[in-house]
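If you count the sequence shown from 1, position 13 lands on 13 in full-length UniProt numbering, and the numbers rise without skipping. Just so you know, even glycine gets a beta-carbon here, dropped at the ideal spot from N, CA and C.
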Amino acid sequence: MITFIVSIILLVVGYFTYGKYIDKMFGPKKDRPTPAYDQRDNIDYLPMKTSSNSLIQLLNIAGVGPIFGPIMGALYGPVAFIWIVVGCIFAGAVHDYLTGMISIRNKGAHLPELAGKFLGKVMKHFVNIFSILLLLLTGTVFVTSPALLLYNLMDGRIALGIIIFVIFVYYILSTILPIDKIIGRIYPIFGALLLISAVGIGFRLIQTGAPIPELSFKNMHPAGAPIFPLLFFTITCGALSGFHATQTPIISRTTNKEKNARFIFYGMMIAEGIIAMIWAAAGMSLFHGYSGLQDILNRGEAALVVSKASNLLLGSVIGTIAVIGVIILPITSGDTSFRSARMIIADYLNVEQRSMMKRVIVAAPLFVISFGLTQVDFTVLWRYFSWANQTTAVVALWVGAMYLLIAKKNFWVAAIPAVFMTWNIFVYILSQKIGLGLDLTLSYYIGFVLTLLWIAYFGYQYKKMVSAKSFELDYPITGKQQLT
Numbered sequence: 001m002i003t004f005i006v007s008i009i010l011l012v013v014g015y016f017t018y019g020k021y022i023d024k025m026f027g028p029k030k031d032r033p034t035p036a037y038d039q040r041d042n043i044d045y046l047p048m049k050t051s052s053n054s055l056i057q058l059l060n061i062a063g064v065g066p067i068f069g070p071i072m073g074a075l076y077g078p079v080a081f082i083w084i085v086v087g088c089i090f091a092g093a094v095h096d097y098l099t100g101m102i103s104i105r106n107k108g109a110h111l112p113e114l115a116g117k118f119l120g121k122v123m124k125h126f127v128n129i130f131s132i133l134l135l136l137l138t139g140t141v142f143v144t145s146p147a148l149l150l151y152n153l154m155d156g157r158i159a160l161g162i163i164i165f166v167i168f169v170y171y172i173l174s175t176i177l178p179i180d181k182i183i184g185r186i187y188p189i190f191g192a193l194l195l196i197s198a199v200g201i202g203f204r205l206i207q208t209g210a211p212i213p214e215l216s217f218k219n220m221h222p223a224g225a226p227i228f229p230l231l232f233f234t235i236t237c238g239a240l241s242g243f244h245a246t247q248t249p250i251i252s253r254t255t256n257k258e259k260n261a262r263f264i265f266y267g268m269m270i271a272e273g274i275i276a277m278i279w280a281a282a283g284m285s286l287f288h289g290y291s292g293l294q295d296i297l298n299r300g301e302a303a304l305v306v307s308k309a310s311n312l313l314l315g316s317v318i319g320t321i322a323v324i325g326v327i328i329l330p331i332t333s334g335d336t337s338f339r340s341a342r343m344i345i346a347d348y349l350n351v352e353q354r355s356m357m358k359r360v361i362v363a364a365p366l367f368v369i370s371f372g373l374t375q376v377d378f379t380v381l382w383r384y385f386s387w388a389n390q391t392t393a394v395v396a397l398w399v400g401a402m403y404l405l406i407a408k409k410n411f412w413v414a415a416i417p418a419v420f421m422t423w424n425i426f427v428y429i430l431s432q433k434i435g436l437g438l439d440l441t442l443s444y445y446i447g448f449v450l451t452l453l454w455i456a457y458f459g460y461q462y463k464k465m466v467s468a469k470s471f472e473l474d475y476p477i478t479g480k481q482q483l484t
């Protein structure tokens, strides 16, 4: 398990080296009031402690992504470790940090508004629709997946429909109430269970000497599914995920000081990468090879793998606690998915959110649509979620690249992963059945051409923006609240 241990060490080192470089390069300002003060409304905008913000951020972005995704990605073999480490340090954590800081510098704006400002007005409308679609898919996936885990945990003693209903009720309350009333109070408890499950599984993998395979570039997938582009859409959370760009602005509105952004945004992505490493390793080592893992996935999806791995490594009692920790992950992302969707729609339609009734009016249609989506097959939803997720990540990376380019900073830290993932999303939608279903090799070439066209548009938009005399990179401080 040398590869496994070294990979986790590299993730930690990445935070203290590359993460520090990204933070210093961006340049947080010590005395600049954040939106938590300048835009304070005590609903979505209010200052919270760094420890609370960090834990909420981790639970928001985690979901089942860094567990279910790496378990399915484990079918490809140790090459999955490479993507988790490289993707997390150089793409995912950079993506989260830049999204958080740029949002802080622009009144806590969500991705659609940032895309409109930095990539053009057309992109604002496109990303607005796309973000809401992604959040609806995410919220729905994060209703069905924990509901299935709870249903299995209780051996079917409570009907699946009742479990789904209870989760929806919690989501409704967490969506419309002020962020510090439910989310800010119960997340520390949820966080403790998350740490017990992840640390417990990781410790037992090492203690029992699990046969975690060493580094190999060979594709181990039993069905021969291609690494490019499928691995990058199977393991998203834990490496790079556009869903994070929809969640990060929630915490950008409660961050009390810019200097804490590296720990909150970059650091929590590194923590998610470690969780992903643990579950990928468990998938590769506990089920008698990749065919055995595939068999369990066929019988019960990733939820069954989680249950079996937890009971095998931790025993029935602690294993059950670990499963509860895994159940909590999607619930703590589903609630903020709907909250984020409500905020994006309100910002887009310019509907103030101080009134409880207005929050309900905006949120109600989201839950009606999501309930309908729960009747759709989970695996189909996951495929569309994966593409929508990485497309959103690409937009966020290009927003980061544009911001840094205009600010005359090192924009390559965002542009390089943006170019690579732009090519990937084109190849995926061109080659897969949910898209055009073209030949994979042909899709590589067409995707390359489309990527070049996007880069040309990016260059055009840059020239247009630098020539606009009225353009402001960061919003001016207008409120009376002071940083304390």
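Closest Cα partner of residue i within the set the options
i	options	result
PHE397	PHE118, PRO28 and THR332	At residue 397 the sequence reads Leu, which differs from the Phe that was named. Nearest of PHE118, PRO28 and THR332 to LEU397, Cα basis: PHE118.
GLY69	PRO417, LEU297, LEU430 and ASN350	LEU297
PHE26	PRO213, LEU137, LYS259 and LEU313	LYS259
ALA109	PHE448, GLY224 and ASN350	ASN350
ALA418	ALA346, ILE434, LEU98 and ARG262	LEU98
VAL6	PRO78, ILE434 and LEU313	PRO78
THR441	SER337, MET465, PRO226 and VAL169	PRO226
GLN461	ALA115, GLY224 and LEU195	ALA115
SER52	ILE324, MET1, PHE263 and VAL449	PHE263
LYS121	ASP31, LEU193, VAL399 and LEU10	VAL399
ILE179	LYS433, GLY459 and PRO47	PRO47
ILE477	ASP41, ASP31, TYR457 and SER467	ASP31
LYS124	VAL395, ILE67 and TRP454	VAL395
MET1	VAL13, ILE206 and GLY200	ILE206
GLY87	GLY156, ARG157, ASP41 and LEU10	LEU10
Integer Cβ distance of residue i from residue j, believed to fall under 8 Å
i	j	result
ARG342	SER174	Contact doesn't hold; Cβ gap of about 10 Å is too wide.
LEU137	PHE385	4 Å
GLY283	VAL317	Actually they do not touch by this definition, with Cβ atoms about 23 Å apart.
residue 490	GLY447	Because the chain in this structure spans residues 1 to 484, residue 490 falls outside the shown range and cannot be described.
residue 534	PRO211	Not covered by the structure: residue 534. The range shown for the chain is 1 to 484.
ALA393	ALA415	So it is not a contact: roughly 14 Å between Cβ atoms.
SER370	THR140	5 Å
residue 524	ARG204	This structure leaves residue 524 out entirely; the chain is present only between 1 and 484.
GLY100	THR248	5 Å
TYR170	LEU160	The Cβ separation is near 16 Å, so there is no contact.
VAL360	ILE176	6 Å
Proximal residues to residue i (C-beta, below 7 Å), its chain only, five neighbours per side dropped
i	result
GLY202	ILE278
THR484	Per-residue confidence for THR484 stands at a pLDDT of 44, beneath the threshold of 50, marking its modelled position as unreliable; no derived number is given.
ALA388	PHE130, LEU133, LEU134 and LEU137
TYR45	PRO35, ALA36, GLN39, GLY108 and ARG253
ASN128	PRO112, ILE344 and TYR348
ILE182	LEU173 and SER174
ILE8	ILE274 and MET277
GLY200	LEU314, ILE318 and ALA322
TRP454	THR422
Nonlocal neighbours in the same chain, by C-beta distance under 8 Å from residue i, ignoring five residues either side
i	result
GLN482	Unreliable positioning characterises GLN482 in this predicted model, as indicated by a pLDDT of 49, which lies under 50. The coordinate reading is nonetheless provided below. PRO33 and TYR37.
SER291	PRO222
TYR187	SER52, LEU55, ILE56, LEU59 and THR332
THR451	VAL419, THR422, TRP423 and PHE426
The ligand GTP heavy atom lying under 8 Å from the CB of residue i
i	result
THR138	What this structure holds is no ligand at all, so the ligand GTP is not there to describe.
Distance CB(residue i)-CB(residue j) smaller than 9 Å
i	j	result
PRO146	ILE425	no
ILE56	ALA363	no
PHE81	THR208	no
ALA276	ILE84	yes
ILE331	LEU153	no
GLN353	ILE43	yes
PHE232	MET421	yes
ILE104	ALA322	no
ILE22	TYR266	yes
ALA198	ILE71	no
SER333	PHE142	yes
ASP439	ASN106	no
ILE67	LEU193	no
GLY19	THR234	no
Beta-carbon proximity list for residue i, same chain, < 6 Å, skipping 5 on both sides
i	result
LYS469	none
GLY319	SER310 and ASN311
LEU58	MET268 and ALA271
PHE471	MET465
GLY289	none
VAL449	none
GLY14	ILE89
TYR443	The question names Tyr, but residue 443 in the sequence shown is Ser. Excluding sequence neighbours, SER443 sits near VAL427, LEU430 and SER431.
Using 8 Å as the cut-off, can you tell me whether the region 402-418 makes contact with the region 249-257, which would need three or more C-beta pairs spanning the two stretches below that distance?
no
Three or more beta-carbon pairs under 8 Å between the region 228-246 and the region 82-100, yes or no?
yes
Whether or not the region 233-241 and the region 156-164 are in contact is what I'm after, with contact meaning three or more pairs of Cβ atoms, one per stretch, closer than 8 Å; do they touch?
no
May I ask you to verify whether the region 414-432 touches the region 261-272, counting CB pairs closer than 8 Å and requiring at least 3?
no
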